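What follows is one structure encoded as structure tokens, with my remarks underneath.
Number of protein chains: 2
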Amino acid sequence: MSIVLYDLAGGDPDLRFSPRCWRTKLALAHKGLAAETIPWRFREAALLPQPNQSRVPLVSDGGRVVCDSWAIAAYPEDTYPDRPSLFRGEGGRAHARFLNEWAETVLLPHILPMIVLDLFNAVDDADKPYFRQNREARLGMTLESAQEGRQSRLPAFHTMLAPVRATLASQPWLGGGEPSYADHIITAAFMWSHCVSLFPLLPVDGPIADSWRRSLSLYGGLAATAVRA
Amino acid sequence: MSIVLYDLAGGDPDLRFSPRCWRTKLALAHKGLAAETIPWRFREAALLPQPNQSRVPLVSDGGRVVCDSWAIAAYPEDTYPDRPSLFRGEGGRAHARFLNEWAETVLLPHILPMIVLDLFNAVDDADKPYFRQNREARLGMTLESAQEGRQSRLPAFHTMLAPVRATLASQPWLGGGEPSYADHIITAAFMWSHCVSLFPLLPVDGPIADSWRRSLSLYGGLAATAVRA
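Chains as they are written, first to last, in the numbering used here: chain A, 1 to 229; chain B, 230 to 458.
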């Protein structure tokens, strides 16, 4: 029985843009684990298996339920140790946590206001009232105001990416000679924008652009073939 | 023959405050490698063994010269693999690089202006003209202007530390259950301030303060017993 992943979907059920769900999809593919994805919307907390945190990603593997993207990455690493490693050892796992927290506290909060109106347009109509209210409270302004003038924020965004750029200038992947979960965290953040927006968030050249292009083609083009709004 | 480390010194030759040299001192102690440290000043590039990059840290181990703090960390890890690991595996090494680059591009540049006049006061008199000219050019202002109003920058500084704080809220060390080179990078950055300044840069409580206190007592109190200006 394959693993089941509850995956945030937009108005188009094939539009899957959640950065935390993308971490999970890339992690499962990295482990060579087949996953059936179930489209899920913000209002469908009651449809999730128990126990849950009212949000996705959520993975069910033979009846075992795992929530939270970090726990979901650790789960297949520990459960299927004979498959390709996501972390390449205990030090790799511990240090990936820092990168995960950097994405949570720096990278995703920088991206959100630049694509939040595009996200609003992509979510299911029935999710729109929740999405607008929740994200406007988080951002302290309307979705329209948050996204306005985003072009002028790109230089600061690219500066913020300096540690990613410098690392990828020294080694092919954040994981070293091969991709690791750290790379998937970054790819997943950019997939968030890629799936819902035409805004050119990413640097067009340099080591981040190179890594992004290589990431798209991993695992049979999992990210490259994703549906876009 | 013990390893020789050229270590930036202040007017007091026992005052050793360089964050990159501290990375190296903590890394060598972590590996259980005895090191003789030689006090070095900015104007003494000609005194360094060849080949060098006109700066420290520089390590000489039985005649082999290694420059650059990252290369110096990799060197004992590869040369003395039977000693305690700095990276805990290849994934740990690769992911530590990101943390290293985060320190280089975010953490140290945030600290510098808050302690730069204290640093100026600590460096050797003969180094002061070079230090003032070089750092004022880097900061685009006088040392006095850079440091002025630093108290008001502390909230932003603590916000910037969010990924460190979140990681240390999840695990005892950035290295996981035990300290790794990632922890030493952070400790070394704070030692820069600790050795030359009374400015209370660090959070006084929470996971970063806890980790800092534990770091001070590692390796026989190597950091705790450091000379302060």
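Even for Gly, the Cβ is constructed at its ideal location relative to N, Cα and C. Everything numeric in this text was worked out from a predicted model, so none of it was measured.
query                                                                                                                        : result
Residue-chain proximity (A/Pro76, chain B), Cβ-Cβ < 8 Å                                                                      : no
Within the stretch 55 to 85 of chain A, ranges of the beta strand (DSSP E) (whole runs, at least 3 residues)                 : 58 to 61, 64 to 67
Residue-chain proximity (B/Thr396, chain A), Cβ-Cβ < 8 Å                                                                     : yes
C-beta neighbour in chain B for A/Thr105, strict 8 Å                                                                         : yes
Neighbour flag for B/Ala323 against chain A, beta carbons, 8 Å                                                               : yes
Through-space distance from A/Val106 to B/Pro384, alpha-carbon basis                                                         : 16 Å
Beta-carbon proximity of B/Val456 to B/Leu348, cut-off 8 Å                                                                   : no
Boundaries (first-last residue) of the alpha helix (DSSP H) holding B/Pro384                                                 : 383 to 389
Proximity test, Cβ basis, 8 Å: A/Gly175 and chain B                                                                          : yes
Closer than 8 Å at the beta carbon, the chain A residues around B/Gln400                                                     : Ala94, Arg97
Segment contact, 8 Å Cβ cut-off, at least three pairs: the stretch 171 to 178 of chain A with the stretch 6 to 19 of chain A : no
Classification of B/Ser409 by the beta-carbon crowding that lies within 10 angstroms, buried from 16 upward                  : buried
Neighbour flag for A/Pro163 against chain B, beta carbons, 8 Å                                                               : yes
Short CB-CB distance (under 8 Å) between A/Phe247 and chain B                                                                : Only positions 1 to 229 of chain A appear in this structure, which leaves residue 247 of chain A out of reach.
Beta-bridge partners of A/Gly37, as assigned by DSSP                                                                         : Before going on, a small fix: residue 37 of chain A reads as Thr here, not Gly. According to DSSP, which records beta bridges pairwise, A/Thr37 is partnered with A/Leu5.
Proximity test, Cβ basis, 8 Å: B/Trp331 and chain A                                                                          : yes
CA nearest to the CA of B/Ala375, picked from B/Glu333, B/Leu390, B/Ile344                                                   : B/Ile344
Closer than 8 Å to chain A by CB, B/Ala300                                                                                   : no
Short CB-CB distance (under 8 Å) between B/Arg317 and chain A                                                                : yes
For B/Gly261, the nearest candidate out of B/Glu273, B/Tyr309, B/Val288 (CA to CA)                                           : B/Tyr309
Residues from the stretch 409 to 431 of chain B in contact with chain A, defined by Cβ distance under 8 Å                    : Ser409, Ala411
Cβ-based burial, B/Gly369 [other Cβ within 10 Å; buried from 16]                                                             : exposed
Contact between the stretch 429 to 447 of chain B and the stretch 269 to 288 of chain B (3+ Cβ pairs under 8 Å)              : no
8 Å Cβ cutoff met for A/Leu202 and A/Ala209                                                                                  : yes
Same chain only: Cβ atoms within 6 Å of A/Leu58, ignoring 5 sequence neighbours per side                                     : Tyr6, Leu48, Asn52, Cys67
Assumed close pair A/Glu101, B/Thr396 - CB separation to whole angstroms, cut-off 8 Å                                        : 5 Å
Proximal residues of chain B, C-beta to C-beta of A/Gly91 below 8 Å                                                          : Ser314, Phe316, Arg317, Gly318, Gly320, Gly321, Arg322, His324, Ala325, Gly404, Gly405, Ser409
B/Phe428: first and last residue of the uninterrupted alpha helix (DSSP H) it sits in                                        : Here B/Phe428 belongs to no alpha helix (DSSP H), and DSSP marks it neither H nor E.
Where the alpha helix (DSSP H) through A/Val116 begins and ends                                                              : 108 to 122
B/Gln400: first and last residue of the uninterrupted alpha helix (DSSP H) it sits in                                        : That residue, B/Gln400, is in no alpha helix (DSSP H); it is neither H nor E in DSSP.
Cα-Cα separation, B/Ala351 to B/Cys250                                                                                       : 16 Å
A/Gly91 - DSSP class collapsed to helix/strand/coil                                                                          : helix
CA-to-CA distance, A/Ser18 to A/His194, given in whole angstroms                                                             : 11 Å
Selected residue, minimal CA-CA separation from B/Asp434, among B/Ala398, B/Arg245, B/Gln362                                 : B/Ala398
Straight-line gap, A/Gly62 to A/Asp78 (C-alpha atoms, nearest Å)                                                             : 15 Å
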